[in-house]
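Letter by letter, the sequence shown follows residues 1 to 135 of our numbering. Cβ coordinates follow ideal geometry from the N, Cα and C atoms, glycine included. The structure displayed is predicted, hence computed values, not measured ones. Have a look at the structure below, then the notes.
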Amino acid sequence: MSKREKLYKLVAKYKKKLKLTDIAINIVIAEDKVQQFRKRGRKRKAVSDCYAEVIEESIDGKEFTIFIFKSAFEEDLEDTVIHELSHILLHPMRNAAENLITNMDISDKKKKKLFDKFDDQEHKVVNNIIKMVRK
Ligand SMILES: [Zn+2]
Numbered sequence: 001m002s003k004r005e006k007l008y009k010l011v012a013k014y015k016k017k018l019k020l021t022d023i024a025i026n027i028v029i030a031e032d033k034v035q036q037f038r039k040r041g042r043k044r045k046a047v048s049d050c051y052a053e054v055i056e057e058s059i060d061g062k063e064f065t066i067f068i069f070k071s072a073f074e075e076d077l078e079d080t081v082i083h084e085l086s087h088i089l090l091h092p093m094r095n096a097a098e099n100l101i102t103n104m105d106i107s108d109k110k111k112k113k114l115f116d117k118f119d120d121q122e123h124k125v126v127n128n129i130i131k132m133v134r135k
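Here it is as structure tokens:
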């Protein structure tokens, strides 16, 4: 099985497990994040990780693109796939948190601190999801 086939198989498997079947997910194997942002422009909020990045393609949260970096194939690809799909699963919550924080009457520095805290918490949940669904 080629790397690409393995990747598509993993995405299909965990998309089903995480009940994301009504969401369209495009997969792009990318060189690195900088190149992708330059190429596509920052469409919508992206989740940016070490081995992948997620971009929301539609305003209703029904279509996303996962950019998997080539470096991901040297790491645990299964973990990376579940990780990025979990971000898609949690995306409505992240959106709501972002809206709340953005509209708060506090300094940008404090807003950033709150968002970083949210991001840390989201990653704790993501890591738990990986443990729960991976068999
Ligand atoms: Zn992440």
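Exposure label - residue i; buried when at least 16 CB within 10 Å
i    : result
L7   : buried
L100 : exposed
E56  : buried
I129 : buried
D24  : Sequence inspection shows Ala at residue 24; the Asp mentioned does not correspond to that position. With fewer than 16 other Cβ atoms within 10 Å, it is exposed.
Residue i, DSSP secondary structure in three states
i    : result
I106 : coil
S58  : coil
R42  : Model confidence at R42 stands at a pLDDT of 48, short of 50, so the residue's coordinates are unreliable; what they give is reported in the following sentence. Residue state, collapsed to three classes: coil.
T65  : strand
Cutoff 8 Å; reference residue i; Cβ partners in own chain excluding five residues on either side
i   : result
A52 : I66, F67, I68, F69, A72, T80, H83, E84
M1  : K9
Chain B contact for residue i (CB, 8 Å cutoff)
i   : result
S71 : Checking the listed chains, one finds no chain B in this structure; it contains a single protein chain.
Range of the contiguous alpha helix (DSSP H) that encloses residue i
i  : result
E5 : 3–17
7 Å Cβ shell around residue i - same chain, five flanking residues per side excluded
i   : result
I75 : For the record, residue 75 in the displayed sequence is Glu; it is not Ile. Taken in chain order, the residues that qualify are Y51.
Continuous beta strand (DSSP E) stretch holding residue i: start and end
i   : result
A30 : 24–30
Proximal residues to residue i (C-beta, below 6 Å), its chain only, five neighbours per side dropped
i   : result
H87 : V47, V54
Strictly closer than 6 Å from CB to any heavy atom of ligand 1: give me those residues in the order they appear in the chain. V47, D49, H83, H87, H123, V126
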